[in-house]
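Residue numbers (the UniProt record's numbering): 1 to 236.
By construction, the Cβ of each residue, glycine as well, lies at the ideal position given by its N, Cα and C atoms.
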């Protein structure tokens, strides 16, 4: 290399060097942006193509009727359909608020109180019904009896039949004086495993010890289904 070339290189001004650096930086920045955009698009495309394991599995079908200790019971899914009709949602919301104010909303799921019975399909009647507000107070006392007397002895329970309309009660062969018509009585089954031989003595003992102070009615049916109300002291 001759002396003239070396002189030309050394004579490049600082201003020119800055321009070259800026140009190089701009080229690098543009390359980074292009790569980033390309990678982002590819990632999004791959993500859209991916199928999660949940998508590969069939979703479980939620039944509208459950078998509870041998009794058919309308499920919460069926109840959600019931709430879509007319003013049912607003009425049920008011009922839940009423039970909450009286501190009995956690004894059983409130929707279970509106099950008419286990034979609604045979009777061609709705599985659920909402009682008039003037009847709600009667259920508070019955739920307190469950909370303080029944559940501590046998564990949690499931309501098979709560409020009944006169139409349902008549078709089911219920008594004209049925406490279900006043939103005072419940037909229930224990959630824990009990034989009839184990369950009946416990229920009778509860009624004998504390039934009178609760004005409790106790009825024991076939199997492990039993009735509780607080609208008249008696047993059958």
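The region 146-160 makes no contact with the region 168-183: fewer than 3 CB pairs, one atom from each, lie closer than 8 Å.
Taking C-beta separations shorter than 7 Å and ignoring five residues to either side along the sequence, the partners of residue 119 in its chain run 172, following chain order. Here residue 189 is bridged, per DSSP, to 158. It is roughly 9 Å from the alpha-carbon of residue 161 to the alpha-carbon of residue 227. Apart from sequence neighbours up to five positions away, the residues of its chain that approach residue 136 with a beta-carbon distance below 6 Å are 98, ordered along the chain. Around the beta carbon of residue 74, 16 or more other beta carbons sit within 10 angstroms, so the residue counts as buried.
A buried status is given to residue 168, since no fewer than 16 other beta-carbon atoms sit within 10 Å of its beta-carbon. Scanning 124, 188, 133 and 122 for the CA closest to the CA of residue 107 turns up 188. If the five residues before and after residue 144 are omitted, its C-beta is found closer than 7 Å to the C-beta atoms of 104, all from its own chain and listed in chain order.
Only residues of its own chain outside the window of five on either side were considered, and among them 116, 167, 168 and 171 have a CB closer than 7 Å to the CB of residue 125, listed in chain order.
The C-beta of residue 146 has 16 or more other C-beta atoms within 10 Å across all chains shown, which makes the residue buried. Within the region 158-231, complete beta strand (DSSP E) segments of at least 3 residues are found at 186-190, 217-220 and 226-229, given in chain order. Beta-bridge partners assigned by DSSP to residue 65: 74. As computed with DSSP, residue 111 is found in no beta bridge at all. In the structure shown, the three-state DSSP call for residue 153 is helix. Residues 105 and 110 of the same chain have their beta carbon placed closer than 8 Å to that of residue 96, with the five preceding and five following residues left out of the count. Counting of Cβ neighbours within 10 angstroms places residue 28 among the exposed residues, the total staying below 16.
In terms of CA proximity to residue 121, 71 leads the group 71, 90 and 25.
Distance from the Cα of residue 87 is smallest, within the candidate group 22, 67 and 130, for 130. Here the alpha carbons of residue 216 and residue 207 stand approximately 7 Å from one another.
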